[in-house]
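Peer 1: Got a structure for you, questions after.
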Amino acid sequence: LGIDLTTLGLNLNSADNLYKTFGSPWSNEPAKGDPDFQNPACYL
Amino acid sequence: DFGAVGDNLSGTSATAGHDHLYNLQMLEAAYHRLPQPKDSERARNYTPKHPSPTPASFPQVQAPIVTNPAFWERLGTDTLSTDMLFFAFYYQQNSYQQYLAAKELKKQSWRFHRKYNTWFQRHVEPQVTTDEYERGSYVYFDFHLADDGNGWVQRIKNDFTFEYNYLE
Amino acid sequence: HADSTAFQEQVAHLFSEWCQVCDHPSASDAAYSRYVMQLQHIGLLKGDEFTERFFRVLTELAVAHSLISEQIVAPGGLSQHSSHISYLPIDSYSKLVSMVLKYSSVEIGPNKGSLLSKILSVTVRVIQKDAEEKKTSFNPRPYFRLFINWLNDLTTSDVHHDGANFQVLTAFANAFHALQPLRIPGLSFAWLELVSHRSFMPRLLTCNLQKGWPLFHGLLVDLFKFMEPYLRNAELVEPVHLLYKGTMRVLLVLLHDFPEFLCDYHFSFCDVIPSSCIQMRNVILSAFPRSMRLPDPSTPNLKIDLLPEITKAPRIMSDFEGALRSKHMKADVDEYLKRPDGSSFLSDLKQKLLLPQNEASNAGTRYNVPLINSLVLYIGIQAVQQLQLNKANASAAAQQINHNQMDIFQIETATDFFRNLVTNLDTEGRYLLLNAIANQLRFPNNHTHYFSFIILYLFAEATVDNVQEQITRVLLERLIVNRPHPWGLLITFIELIKNPRYNFWNRSFIHIAPEIKMLFESVAKSCA
Chain F
1 LGIDLTTLGL NLNSADNLYK TFGSPWSNEP AKGDPDFQNP ACYL
Chain P
1 DFGAVGDNLS GTSATAGHDH LYNLQMLEAA YHRLPQPKDS ERARNYTPKH
51 PSPTPASFPQ VQAPIVTNPA FWERLGTDTL STDMLFFAFY YQQNSYQQYL
101 AAKELKKQSW RFHRKYNTWF QRHVEPQVTT DEYERGSYVY FDFHLADDGN
151 GWVQRIKNDF TFEYNYLE
Chain Y
1 HADSTAFQEQ VAHLFSEWCQ VCDHPSASDA AYSRYVMQLQ HIGLLKGDEF
51 TERFFRVLTE LAVAHSLISE QIVAPGGLSQ HSSHISYLPI DSYSKLVSMV
101 LKYSSVEIGP NKGSLLSKIL SVTVRVIQKD AEEKKTSFNP RPYFRLFINW
151 LNDLTTSDVH HDGANFQVLT AFANAFHALQ PLRIPGLSFA WLELVSHRSF
201 MPRLLTCNLQ KGWPLFHGLL VDLFKFMEPY LRNAELVEPV HLLYKGTMRV
251 LLVLLHDFPE FLCDYHFSFC DVIPSSCIQM RNVILSAFPR SMRLPDPSTP
301 NLKIDLLPEI TKAPRIMSDF EGALRSKHMK ADVDEYLKRP DGSSFLSDLK
351 QKLLLPQNEA SNAGTRYNVP LINSLVLYIG IQAVQQLQLN KANASAAAQQ
401 INHNQMDIFQ IETATDFFRN LVTNLDTEGR YLLLNAIANQ LRFPNNHTHY
451 FSFIILYLFA EATVDNVQEQ ITRVLLERLI VNRPHPWGLL ITFIELIKNP
501 RYNFWNRSFI HIAPEIKMLF ESVAKSCA
């Protein structure tokens, strides 16, 4: 009967893309560490 | 007879595929050598802009918590720590901390002005808003040169026009 | 000579020099570029066999050094495995490659990116050789680290560098295809984590206007092909179960972030996912374009036929005619659709759908499933196009096509085809045929509309109970698994149980046992 897919650690109702914090196919934990951030040039 | 996907072992060199049993044995072995979270964590060697020697008893590396977005979200709550967001923004340029501080400031309705390189926050609803700009009274965070000593201050600017093409 | 031990020692010496450059606290880009110029001056970056040998020896050194630290000698001299691996050698080597690509002049001009492809193909060969030699003691983690570093350093999500970035992503996609699990099963877990990594998958799927989609489609097919033999059984051994769950996570990210990608390639994924993996297939079939708003299937008196999207064809990026062509059947089908009378197409079709004996055991079925899938979709598409053509030619006030009034005669031949197969195939063949039809019940589009009509029509026209029972089973088994459930499947089942035309609740197999009756009632309640 498959799996309750809401138990795989992904917030399927998230308004934001899941891939930004997708840590690994083997864990429920969201990615830690530096996601792909870009500081606009005017910040520097 | 692979239908829509073609025979996916073609087009790449060398050894033919293995049989199911061999593949399963290799998979079992790989199961005991899964990539660990730290295998993909980037070495976060924070290089201070102006390295200066400090006593060995001082922490010599950044505390891991400053790279955790949740820490910055907590910081944004009370006014005192808003200054810490500004500190990270102006003193840790081009770092992940600056990115997180800016994100938190925006959540607090601060807006970065690209001409003055300063953060503004509406003090009251603007008197005028058009497609190009808004005008009203704003709080802004600035480094104040004064005879009673320099310092970072939050001041009010009345009748200021914030042109949207300067909005970051 | 590139094969001499002297060359190997020279490379080792150069590598330790590089590690010192990296280690130096004031290491700067100037130092890096000076070192790269030195390599260029020695002639190691021309792209010839020296270059290949140079990077091969470096890769082997970096991996060997990172693994040495894994063996720690415990008291009493017995070496024990610890999970601690020092990645310093790997990080230094990956940085060297990034600096070479950044500063060496060979990258300028038409052969840009070729050095990266060469280094990646060298790396693929090193991994292949290592895996073949070490077998169950092969350690994939240093190679995982190497690729993670490169993905972080060499790819970007900054749209201003789309062209160059796409070249780099393509080089990695080709490398991952060469490293696919069927080829290096010991790398499977590391491979899936790399392929789905946030520095690779979203970038390949978002850059250059979907040009990366065929590449990622190929990588997912590589994965499904590897898993297919192990997924046929309900009981999965733990490593396969972990790989399955990992795949489901990746599919959920795709369903949430890139549903159009799953929509466009659903056909080929259904070709390689075993029919027993119902939930995995449902995830793919539940995808719908983000711009679309799906009406709630249980809305009373929902007028499917009046939905604007129901007349539009879905985009099919898979080569769904591939299997037909490989069996040289496409012309026969076209001929049959044009001139059905007197055609022998239907009479010897069943034989053509069977696999040769020697392939049947390996495939786990007597039938050529991709061929059945291809035939069903191809004939359905011809029928829909014929319908739209006739409709366009009919009077301006052409009737809205709907389930009951859909003009059967206009699609007589196609319907004949389905009715004939349903009647003449055995249970297994019919199950696979009905599955191929049910795989088209997705979001509102004219395929969903047509195939929903066809499967209900076959139910209504069936002269024997077991066909109705099998149609019900094919729909029901897709509904009793955990969500998600495709929209087209829900509206078809609701139509079946609500429309008196099908006389569903009086069918004998509904009442065959109390728990079966309860099952139908609970599913009916949850759907409608």
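Residue numbers (this note's numbering), protein chains in the order written: chain F, 1 to 44; chain P, 1 to 168; chain Y, 1 to 528. Cβ atoms here follow ideal geometry from the backbone N, Cα and C, with glycine treated the same way.
Identify which residue in Y:ALA436, Y:HIS13 and Y:TYR87 has its Cα closest to the Cα of Y:LEU375.
Peer 2: Residue 375 of chain Y sits at position 375 when you count from the first residue of the third sequence. The option with the nearest alpha carbon to Y:LEU375 is Y:ALA436.
Peer 1: Any beta carbon of chain P sitting closer than 8 Å to that of Y:PHE531?
Peer 2: Outside the displayed range of chain Y (1 to 528) lies residue 531 of chain Y, so it cannot be described from this structure.
Peer 1: For Y:LEU182 and Y:TYR35, what's the separation of their Cα atoms in angstroms?
Peer 2: Along the third sequence, read from residue 1 onward, the residue named residue 182 of chain Y stands at position 182. Along the third sequence, read from residue 1 onward, the residue named residue 35 of chain Y stands at position 35. Near 39 Å, if we compare the C-alpha coordinates of Y:TYR35 and Y:LEU182.
Peer 1: Is Y:SER66 buried or exposed, if buried means 16 or more other CB atoms sit within 10 Å of its CB?
Peer 2: The count along the third sequence starts at 1 and reaches residue 66 of chain Y at position 66. Counting Cβ neighbours within 10 Å, Y:SER66 comes out buried, since at least 16 surround it.
Peer 1: Cβ of Y:ILE284 within 8 Å of Cβ of Y:LEU324?
Peer 2: Position 284 of the third sequence, counting from 1, holds the residue named residue 284 of chain Y. Position 324 of the third sequence, counting from 1, holds the residue named residue 324 of chain Y. Not closer than 8 Å, so no.
Peer 1: Just to check my reading of the structure: Y:PHE530 and Y:LEU194 have Cβ atoms closer than 8 Å, yes? What is that Cβ distance to the nearest angstrom?
Peer 2: Past the boundaries of the shown model lies residue 530 of chain Y; chain Y is included only from 1 to 528, so the question cannot be answered.
Peer 1: Strictly below 9 Å CB to CB, what residues from chain F border Y:SER196?
Peer 2: The count along the third sequence starts at 1 and reaches residue 196 of chain Y at position 196. What Y:SER196 touches in chain F: TYR19, PHE22, SER24 and PRO25.
Peer 1: Whose Cβ in chain P lies nearer than 9 Å to the Cβ of F:PRO40?
Peer 2: Sequence index remark: in the first sequence, residue 40 of chain F carries index 40 (1-based). Simply ALA102, PHE112, ARG114 and GLU168.
Peer 1: Grouping DSSP H, G and I as helix and E and B as strand, with all else coil, what is F:ILE3?
Peer 2: Along the first sequence, one-based indexing puts residue 3 of chain F at 3. It is coil, neither helix nor strand.
Peer 1: Looking at Y:LEU215: is its Cβ nearer than 8 Å to the Cβ of Y:ALA173?
Peer 2: The residue labelled residue 215 of chain Y in the question sits at position 215 within the third sequence. The residue labelled residue 173 of chain Y in the question sits at position 173 within the third sequence. A contact, by the Cβ cut-off of 8 Å.
Peer 1: Provide the residue span of the beta strand (DSSP E) that contains Y:THR472, from first to last.
Peer 2: Looking up residue 472 of chain Y in the third sequence gives position 472. Premise fails: Y:THR472 lies in the alpha helix (DSSP H), 465-479, not in any beta strand (DSSP E).
Peer 1: State whether the stretch 253-260 of chain Y contacts the stretch 447-462 of chain Y, with contact taken as three or more CB pairs (one from each stretch) at a distance under 8 Å.
Peer 2: The stretch 253-260 of chain Y, when compared against the stretch 447-462 of chain Y, does not touch it at the 8 Å Cβ threshold.
Peer 1: Within its chain, find whatever has a CB closer than 7 Å to the CB of P:ALA101; leave out the 5 residues flanking it on each side and keep chain order.
Peer 2: Position 101 of the second sequence holds residue 101 of chain P. Once the five neighbours on either side are set aside, the close Cβ partners of P:ALA101 are TRP72, LEU85, ALA88 and PHE89.
Peer 1: By the three-class DSSP mapping on this structure, what secondary structure does Y:HIS403 have?
Peer 2: As a first step, residue 403 of chain Y is located in the third sequence; it is residue number 403 there, counting from the start. Bear in mind that a pLDDT of 42 at Y:HIS403, under 50, signals an unreliable position, so the model cannot answer this.
Peer 1: When the Cβ atoms of the stretch 466-473 of chain Y are set against those of the stretch 270-280 of chain Y, are three or more pairs found closer than 8 Å?
Peer 2: No, they do not touch.
Peer 1: Between which two residues does the beta strand (DSSP E) harbouring P:GLY151 extend?
Peer 2: Taking the first residue of the second sequence as 1, we reach residue 151 of chain P at position 151. Start and end: 151-163.
Peer 1: Where does the unbroken alpha helix (DSSP H) through Y:ARG145 begin, and where does it stop?
Peer 2: What you label residue 145 of chain Y is simply residue 145 of the third sequence in a count that begins at 1. 141-154 is the extent of the alpha helix (DSSP H) around Y:ARG145.
Peer 1: Hey, P:LEU140 and P:LYS157 are a contact pair by Cβ (cut 8 Å); roughly how many whole angstroms apart?
Peer 2: Sequence index remark: in the second sequence, residue 140 of chain P carries index 140 (1-based). Sequence index remark: in the second sequence, residue 157 of chain P carries index 157 (1-based). Rather than Leu, the amino acid found at residue 140 of chain P in this sequence is Tyr. About 6 Å; that satisfies the 8 Å criterion.
Peer 1: Just to make sure I have the definition right: I need the residues of chain Y whose C-beta is within less than 9 Å of the C-beta of P:PRO35. Which are they?
Peer 2: Counting from one through the second sequence, the residue named residue 35 of chain P turns up at place 35. By Cβ distance, chain Y contributes PRO140, ARG141, PHE144, ARG145, ILE148, PHE189, ALA190, GLU193 and LEU194.
Peer 1: Given this structure, state the Cα-to-Cα distance separating Y:ARG532 from Y:ILE372, to the nearest angstrom.
Peer 2: With chain Y covering only 1 through 528, there is no way to say anything about residue 532 of chain Y.
Peer 1: Using the DSSP secondary-structure output, state which residues sit across from P:THR113 in a beta bridge.
Peer 2: Along the second sequence, one-based indexing puts residue 113 of chain P at 113. For clarity, residue 113 of chain P is His in the given sequence; the question names Thr instead. Note: P:HIS113 sits in a beta bridge opposite P:THR118 and P:LEU167.
Peer 1: Under 8 Å Cβ-Cβ, which residues of chain F neighbour P:ASN94?
Peer 2: Working through the second sequence from its first residue, we reach residue 94 of chain P at position 94. Residues of chain F passing the Cβ test: ASN39, TYR43 and LEU44.
Peer 1: Please work out which residues of its chain come closer than 7 Å, Cβ to Cβ, to Y:GLN279, disregarding the five sequence neighbours upstream and downstream, and give them in chain order.
Peer 2: Reading the third sequence from its first residue, position 279 is the one you call residue 279 of chain Y. Counting only Cβ-Cβ distances below 7 Å, and skipping sequence neighbours, we find VAL481 and ASN482.
Peer 1: In chain order, what residues of the same chain lie with their CB nearer than 8 Å to the CB of Y:MET406, ignoring the 5 residues before and after it?
Peer 2: As a working mapping, residue 406 of chain Y is identified with position 406 in the third sequence. Here the model assigns Y:MET406 a pLDDT of 43, short of 50, so the residue's position is not dependable and the matter cannot be decided.
Peer 1: With a threshold of 8 Å between beta carbons, is F:ALA31 in contact with chain Y?
Peer 2: Looking up residue 31 of chain F in the first sequence gives position 31. True, the Cβ-Cβ gap to chain Y drops below 8 Å.
Peer 1: Compare the C-alpha of Y:THR59 against each of Y:LEU14, Y:PHE443 and Y:VAL523 and name the closest.
Peer 2: Numbered from its first residue, the third sequence carries residue 59 of chain Y at position 59. Here the closest residue by C-alpha is Y:LEU14.
Peer 1: For P:TYR31, which residues in chain Y fall below 8 Å Cβ to Cβ?
Peer 2: Taking the first residue of the second sequence as 1, we reach residue 31 of chain P at position 31. What P:TYR31 touches in chain Y: PHE189, GLU238, PRO239 and LEU242.
Peer 1: Checking 8 Å against the spacing of the C-beta atoms, do P:TYR138 and P:PHE112 come in under that value?
Peer 2: Working through the second sequence from its first residue, we reach residue 138 of chain P at position 138. Working through the second sequence from its first residue, we reach residue 112 of chain P at position 112. No, these two residues do not count as a Cβ contact at 8 Å.
Peer 1: For Y:PHE55 and F:LEU10, what's the separation of their Cα atoms in angstroms?
Peer 2: The residue labelled residue 55 of chain Y in the question sits at position 55 within the third sequence. The residue labelled residue 10 of chain F in the question sits at position 10 within the first sequence. Answer to the nearest angstrom: the Cα atoms are 39 Å apart.
Peer 1: How would you list, in chain order, the residues of chain Y whose beta-carbon sits under 7 Å from the beta-carbon of P:SER40?
Peer 2: Translated into the one-based positions of the second sequence, residue 40 of chain P becomes position 40. What P:SER40 touches in chain Y: ILE148.
Peer 1: Can you have a look at Y:ILE316 and say buried or exposed, based on whether 16 or more other CB atoms are within 10 angstroms of its CB?
Peer 2: Within the third sequence, the letter at position 316 stands for residue 316 of chain Y. When all chains shown are included, Y:ILE316 counts as buried.
Peer 1: Does the stretch 195-202 of chain Y touch the stretch 137-146 of chain Y, meaning 3 or more C-beta pairs lie closer than 8 Å?
Peer 2: They do not touch, by the three-pair rule.
Peer 1: Can at least three beta-carbon pairs, one atom from the stretch 334-342 of chain Y and one from the stretch 295-306 of chain Y, be found at a separation below 8 Å?
Peer 2: Counting Cβ pairs under 8 Å, fewer than three are found: no touch.
Peer 1: Between the Cα of Y:GLY488 and those of Y:ASP305, Y:ARG419 and Y:GLN38, spot the shortest distance and give me the residue it belongs to.
Peer 2: In the third sequence, counting from the first residue as 1, residue 488 of chain Y sits at position 488. If we check each option's Cα against that of Y:GLY488, Y:ASP305 comes out closest.
Peer 1: Please compile the residues from chain F whose C-beta is within a distance smaller than 8 Å of the C-beta of P:GLN98.
Peer 2: In the second sequence, residue 98 of chain P corresponds to position 98, counting from 1. Simply ASN39 and TYR43.
Peer 1: Alpha carbon to alpha carbon, how far is Y:TYR103 from Y:ALA38? Give it in angstroms, no decimals.
Peer 2: Residue 38 of chain Y sits at position 38 when you count from the first residue of the third sequence. Residue 103 of chain Y sits at position 103 when you count from the first residue of the third sequence. For the record, residue 38 of chain Y in the displayed sequence is Gln; it is not Ala. Whole-angstrom Cα-Cα distance: 11 Å.
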